[in-house]
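See below for the structure under consideration.
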Amino acid sequence: MIPDFVSDLRSAVGPDCLLWLPGVVAVVRDERRQVLLQRRAAAGLWTPLSGIVEPGEAPAACVVREAEEETGVRVVVERLAAVTASPPVRHGNGDRAQYLELVFACRPADAGQVPRVCDDESAEVAWFPLDALPAMTERMREIIALVEKDEPEAWFAPA
């Protein structure tokens, strides 16, 4: 779902203007070291959970909101694992965007939660063992690997 503030921006600047937007990525791992993924309805690709931070919303609160909206799974944010920038993208509706991505390591708030598709952004949601991830881009594998390092400090690309 496109946030209202992005729709308002698009009305003013049009779809060809590259918008720089704050985003979050939730790498949710359970007690069995499985990761929660979604297969995006638009592109058909498996990814960690993600979304756009709303104006005034704390990034960690956005992670919790997005995880529950997309999968029905309540999560606890453990730490900021990485800060990355996505490559520029052109969405299916023609809008151009690039995202500052705050990558969070998360765990389910309660054991045994069964994910389900909760909105039209996901075609499927499921837990996957880290050694048996579904087909996904190398970039998404790298983001998961950054969280798996369990470093105490967030990773970021050197200047």
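If you read the sequence shown in this note's numbering, its first letter stands for residue 1, the second for the next number, and so on.
Where a beta carbon is used, it is the ideal one built from N, C-alpha and C, also for glycine.
Given the structure is predicted, the values throughout are model-derived calculations rather than measurements.
Measuring CB to CB, does residue i end up less than 8 Å from residue j?
i      : j      : result
Glu70  : Glu121 : yes
Leu37  : Pro134 : yes
Ala58  : Val28  : no
Gly23  : Ser50  : yes
Met187 : Pro48  : Nothing can be reported for residue 187, as the shown portion of the chain is limited to 1 through 159.
Thr137 : Leu45  : yes
Classify residue i as buried or exposed, calling it buried when 16 or more other Cβ atoms lie within 10 Å of its own Cβ.
i     : result
Ala60 : buried
Cys62 : buried
Val77 : buried
Rounded to whole angstroms, what's the CA-CA distance from residue i to residue j? Just pull it up for me.
i      : j      : result
Ala97  : Gly72  : 27 Å
Val75  : Ala109 : 5 Å
Pro152 : Asp131 : 23 Å
Trp127 : Arg33  : 9 Å
Ala41  : Glu124 : 8 Å
Cys17  : Gly94  : 10 Å
Arg90  : Leu19  : 10 Å
Val83  : Lys149 : 14 Å
Val25  : Gly112 : 22 Å
Arg116 : Glu31  : 19 Å
Val13  : Pro158 : 32 Å
Ile144 : Ser7   : 30 Å
Arg39  : Tyr99  : 19 Å
Gly56  : Val114 : 30 Å
Arg10  : Met1   : 14 Å
Residue i: which of the options sits nearest, CA to CA?
i      : options                       : result
Leu102 : Ala81, Ala135, Ser11, Met140  : Ala81
Phe156 : Val13, Ala58, Ser86, Pro134   : Ser86
Ala154 : Gln34, Ala105, Ala111, Ala126 : Ala105
Ile52  : Val64, Leu45, Trp46           : Val64
Phe5   : Pro15, Val147, Ala43, Glu54   : Glu54
Val146 : Pro15, Arg79, Leu9, Gly56     : Sequence inspection shows Leu at residue 146; the Val mentioned does not correspond to that position. Measuring from the Cα of Leu146, the nearest candidate turns out to be Arg79.
Any idea which residues DSSP pairs residue i with across the strands?
i      : result
Arg96  : Arg90
Gly14  : In the DSSP output, where bridge partners are listed per residue, Gly14 has none listed.
Thr84  : Glu101
Leu49  : Ala26
Ser122 : Arg40
Does any residue of chain B have a CB that is nearer than 8 Å to the CB of residue i?
i    : result
Ser7 : Any reference to chain B falls outside this structure, which holds one protein chain only.
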